[in-house]
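Participant:
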Amino acid sequence: MERILAKDVKNHVGEEIKLQGWVFQIRPVGKIKFLILRDRTGVVQTIILNKEIDISNVERESVVTIYGKPKLEKQAPGGVEVEVLKVELMEKAATPLPFEVNRASDLLNIKIDTLLDHRPFSLRNPEISSIFRVQAEIVRAYAEFLRNDGFLQVHTSKIISAGTEGGTNLFPIQYFEQTAYLAQSPQFYKQMLVGAGYERIFEIGFVYRAEDHATSRHINEYLSLDFEMGFIESEQDVINEEIRLLKYVFTCLKENCSEELKLHGVELQDIDTIPQLKLGEAIKVLKDKYNKTMETENDLDPEGERLICEYSKKEFNSDFVYITYYPASGRPFYTMPDGTGLTRGFDLLYKGLEVTTGSQRINNYDMLVDNMRKFGLKPENFEFYLEIFKYGMPPHGGLAIGTERLTQQILSLKNVREASLFPRDRFRLTP
RNA sequence: GGGCUCGUAGUGUAGCUUGGUUUAACACGUCGCCCUGUCACGGCGAAGAUCACCAGUUCAAAUCUGGCCGAGCCCGCCA
């Protein structure tokens, strides 16, 4: 007998069907019992009227097969329920459960650490599992948009000989007789592949940051959405590409994840255009409007980012805001200078958090080598990267989006680790 | 690397300031009984905690002190 999924039960009213899944909830009411069954498509209410049917050995979260007849019933959630004919216990769940996984999150009331300690179990909670359905859709839409726009998807090595931004923040690994490092970014490879002639490439891959911090917005391994494009006029081409990309991602989310967004109480704002502020302007806004003085002219601090987003929301009705024209001293060596000490680098802030960094890159070999030296790097260590620049590198630029951060901000999650299936943070290596 | 905070039944919290009527309380969950329309079901009852760990102060420590382990958040830095 073919298995019917929870979401399809309504199409089988009057038939005898087989359901399989986990017992989400059992509610005995006198002589009858309601058993809520969950499978990958959602939950369905079943009702046990026949008192011959014994489910006393069935625990919540046990795996069961239920034979029954769907019927229309206006008192049932969704207007349909399944009258149970037979229950087969396939695998019994131990008791007590680690926590009450069937609650809505405001009632679940659980610390992030407990949730992560029992990660596969916690994912049985519909609200928690929906985070990763949303994330999957973000990544899918990202790839689809770029593919349709002439970008080639590539996969580059995460084992590298040297960092893109100097030696700090890298995890060393033993690679036979050499020391290698986990890649903190696919930056060099992206650029090399633009120069290789693909012109437009994107990559979806984990990157690694050995940063010794413990905050709600940092993890040490995150999924980076990178793209790089050749033959641009300026960083504005990269920004425009991202705006169109984000519009597409949001459209897809609304179309394909409406249930998931509703579960999180999220109403996605339509993206029209995204305002831009030069870093200098942003710092001035902080001073004039919020009486906040930045200690450095290089970047905004987290409070500054939150305030600028507040400002952007008030002034431009946008959850997003680009910060542009960062000083060269605060950006990586490959960032294109604008000739006045500033660069063609930018960040994208979303609801108070940095989710993207990008720039136009330096495409002239001599300029790049020169800049490398200025940053205290030895060009001879980067021959593998620099070679293609000798043989004709077009003007190009690109960016990287932090997938977990974007997911976190879209769903207004408190901690970025909620948006990672198996997060690696300062202390956590398991599960 | 710097700073702040927290470890109490399976889960989430109260109690700690001012040590002693606390037999460590409450909610959810678990177990038992009752209930034919629940949907955070309801009612009655029960079990479940060497108060993270180690040492000290004291007649007496969940409570005070020191150490140790673990965790959360903020800053620097970053997506």
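Under the working numbering, the final residue of the first sequence carries the number 1079; numbering is consecutive throughout. Glycine included, every Cβ here is placed at the ideal spot set by N, Cα and C.
Please confirm whether residue 669 and residue 686 have their CB atoms less than 7 Å apart.
Facilitator: As a position in the first sequence, residue 669 is number 21, starting the count at 1. As a position in the first sequence, residue 686 is number 38, starting the count at 1. A contact, by the Cβ cut-off of 7 Å.
Participant: Drop a sphere of 10 angstroms on the beta-carbon of residue 736, count the other beta-carbons inside from all chains shown, and report buried for 16 or more, exposed for fewer.
Facilitator: Residue 736 sits at position 88 when you count from the first residue of the first sequence. Under this definition residue 736 is an exposed residue.
Participant: Would you call the CB atoms of residue 992 and residue 890 closer than 7 Å?
Facilitator: The count along the first sequence starts at 1 and reaches residue 992 at position 344. The count along the first sequence starts at 1 and reaches residue 890 at position 242. Cβ atoms of residue 992 and residue 890: not closer than 7 Å.
Participant: Which of the three DSSP states is assigned to residue 1079 in this structure?
Facilitator: To locate residue 1079, count along the first sequence from 1; it is residue 431. In this structure, residue 1079 counts as coil in the three-state DSSP scheme.
Participant: On the CB-based measure, 16 or more other CB atoms within 10 Å of its CB, does residue 651 come out buried or exposed?
Facilitator: The sequence position of residue 651 within the first sequence is 3, counting from 1. The residue is exposed, with fewer than 16 neighbouring Cβ atoms inside 10 Å.
Participant: So what's residue 774 in DSSP terms, helix, strand or just coil?
Facilitator: Walking along the first sequence from the start, residue 774 turns up at place 126. Looking at residue 774 - three-state DSSP - the assignment turns out to be helix.
Participant: What are the residues that DSSP puts in a beta bridge with residue 735?
Facilitator: Along the first sequence, read from residue 1 onward, the residue named residue 735 stands at position 87. 714, per the DSSP bridge assignment.
Participant: Given this structure, state the Cα-to-Cα distance separating residue 1018 from residue 1027, to the nearest angstrom.
Facilitator: Working through the first sequence from its first residue, we reach residue 1018 at position 370. Working through the first sequence from its first residue, we reach residue 1027 at position 379. Cα-Cα distance, rounded: 9 Å.
Participant: Expressed to the nearest angstrom, what Euclidean distance is found between the alpha-carbon atoms of residue 613 and residue 985?
Facilitator: An answer regarding residue 613 cannot be provided, because it is not within the stretch 649 to 1079 covered by the chain.
Participant: Any idea which residues DSSP pairs residue 872 with across the strands?
Facilitator: On the first sequence, residue 872 is found 224 positions in, with the first residue counted as 1. In DSSP, residue 872 forms a bridge with 853 and 1050.
Participant: Quick one: what does DSSP say residue 660 is sitting in, helix, strand or coil?
Facilitator: Reading the first sequence from its first residue, position 12 is the one you call residue 660. Helix.
Participant: Quick one: what's residue 828 bridged to in DSSP?
Facilitator: As a working note, residue 828 is residue 180 in the first sequence. For residue 828, which the question treats as bridged, DSSP gives the partners 821.
Participant: Between residue 1080 and the rest of its own chain, which residues show a CB-CB distance below 7 Å, the 5 nearest in sequence each way excluded?
Facilitator: Lying outside 649 to 1079, the shown extent of the chain, residue 1080 is not represented and no answer is given.
Participant: Assuming residue 711 contacts residue 654 under a Cβ cut-off of 8 Å, what Cβ separation, rounded to an integer in Å, is found between them?
Facilitator: Counting from 1 along the first sequence, the entry for residue 711 is found at position 63. Counting from 1 along the first sequence, the entry for residue 654 is found at position 6. That pair is no contact at about 14 Å.
Participant: What does the Cβ neighbour count give for residue 815, buried or exposed, with the cut at 16 atoms within 10 Å?
Facilitator: On the first sequence, residue 815 is found 167 positions in, with the first residue counted as 1. Caution applies to residue 815, whose pLDDT of 48 falls short of 50 and renders its modelled position unreliable; the model cannot decide the point.
Participant: Cβ of residue 871 within 7 Å of Cβ of residue 713?
Facilitator: Position 223 of the first sequence, counted from the first residue, corresponds to residue 871. Position 65 of the first sequence, counted from the first residue, corresponds to residue 713. Cβ distance not < 7 Å, so residue 871 and residue 713 don't count as in contact.
Participant: Quick check: what's the CA-CA separation for residue 885 versus residue 794?
Facilitator: The residue given as residue 885 occupies position 237 in the first sequence. The residue given as residue 794 occupies position 146 in the first sequence. About 14 Å.
Participant: Tell me whether residue 938 sits in a helix, a strand or coil according to DSSP, three-state version.
Facilitator: As a position in the first sequence, residue 938 is number 290, starting the count at 1. Helix, per DSSP.
Participant: Relative to the C-alpha of residue 1060, which candidate in 931, 929 and 911 has its C-alpha closest?
Facilitator: Here the question's residue 1060 lines up with position 412 in the first sequence. It is 911.
Participant: Among 1039, 1001, 998 and 1021, whose alpha-carbon lies nearest the alpha-carbon of residue 1012?
Facilitator: Within the first sequence, the letter at position 364 stands for residue 1012. The residue with the shortest Cα to Cα distance from residue 1012 is 1039.
Participant: Classify residue 750: buried if its beta carbon has 16 or more other beta carbons within 10 angstroms, exposed otherwise.
Facilitator: Translated into positions along the first sequence, residue 750 becomes position 102. So residue 750 counts as buried.
Participant: Is the beta carbon of residue 1065 closer than 7 Å to that of residue 1000?
Facilitator: Sequence index remark: in the first sequence, residue 1000 carries index 352 (1-based). Sequence index remark: in the first sequence, residue 1065 carries index 417 (1-based). Contact flag unset, no.
Participant: Roughly how many angstroms separate the alpha carbons of residue 914 and residue 1003, rounded to a whole number?
Facilitator: As a first step, residue 914 is located in the first sequence; it is residue number 266 there, counting from the start. As a first step, residue 1003 is located in the first sequence; it is residue number 355 there, counting from the start. Spanning the two alpha carbons is a distance of roughly 18 Å.
Participant: Who does residue 995 pair with in a DSSP beta bridge?
Facilitator: Here residue 995 is taken as the residue at index 347 of the first sequence, counted from 1. 971 and 1005, per the DSSP bridge assignment.
Participant: Mapping the DSSP letters down to three states, classify residue 762 as helix, strand or coil.
Facilitator: Position 114 of the first sequence, counted from the start, is the residue given in the question as residue 762. Helix.
Participant: Hey, how far is the Cα of residue 850 from the Cα of residue 709?
Facilitator: Taking the first residue of the first sequence as position 1, residue 850 is located at position 202. Taking the first residue of the first sequence as position 1, residue 709 is located at position 61. Cα to Cα, the separation comes out at about 41 Å.
Participant: Over what stretch of residues does the alpha helix (DSSP H) that includes residue 839 continue unbroken?
Facilitator: The residue given as residue 839 occupies position 191 in the first sequence. 835 to 841 is the extent of the alpha helix (DSSP H) around residue 839.
Participant: Excluding the 5 residues preceding and the 5 following residue 729 in the sequence, name in chain order all residues of the same chain whose CB lies nearer than 6 Å to its CB.
Facilitator: Along the first sequence, one-based indexing puts residue 729 at 81. Excluding residues within five positions, the ones whose Cβ falls inside 6 Å are 693, 695 and 721.
Participant: Look up residue 667 in the DSSP assignment and say whether it is helix, strand or coil.
Facilitator: In the first sequence, the residue the question calls residue 667 occupies position 19. In the structure shown, residue 667 sits in a strand (DSSP, three-state: E or B).
Participant: Once the 5 residues before and after residue 703 are set aside, which same chain residues still bring their CB inside 6 Å of it?
Facilitator: As a first step, residue 703 must be located in the first sequence, where it is residue number 55. Answer for residue 703: 735, listed in chain order.
Participant: Less than 6 Å between C-beta atoms, sequence neighbours within five positions excluded: which residues of the same chain meet that for residue 1071?
Facilitator: Counting from 1 along the first sequence, the entry for residue 1071 is found at position 423. Around residue 1071: 867 and 1065.
Participant: Which of helix, strand or coil does DSSP assign to residue 1062?
Facilitator: Here residue 1062 refers to the residue found at position 414 of the first sequence. In this structure, residue 1062 counts as coil in the three-state DSSP scheme.
Participant: Between the C-alpha atoms of residue 958 and residue 968, what's the straight-line distance to the nearest angstrom?
Facilitator: Taking the first residue of the first sequence as position 1, residue 958 is located at position 310. Taking the first residue of the first sequence as position 1, residue 968 is located at position 320. Taking the straight line from one Cα to the other gives about 10 Å.
Participant: Which one or two residues does DSSP pair with residue 861 in a beta bridge?
Facilitator: Counting from one through the first sequence, the residue named residue 861 turns up at place 213. Paired residue(s): none; residue 861 is not in a bridge.
Participant: Less than 7 Å between the C-beta atoms of residue 981 and residue 1041, yes or no?
Facilitator: Looking up residue 981 in the first sequence gives position 333. Looking up residue 1041 in the first sequence gives position 393. Result no, Cβ atoms of residue 981 and residue 1041 do not sit closer than 7 Å.
Participant: Ends of the alpha helix (DSSP H) at residue 1018?
Facilitator: Numbered from 1 along the first sequence, position 370 holds the residue referred to as residue 1018. Where residue 1018 is concerned, the enclosing alpha helix (DSSP H) stretches over 1013 to 1022.
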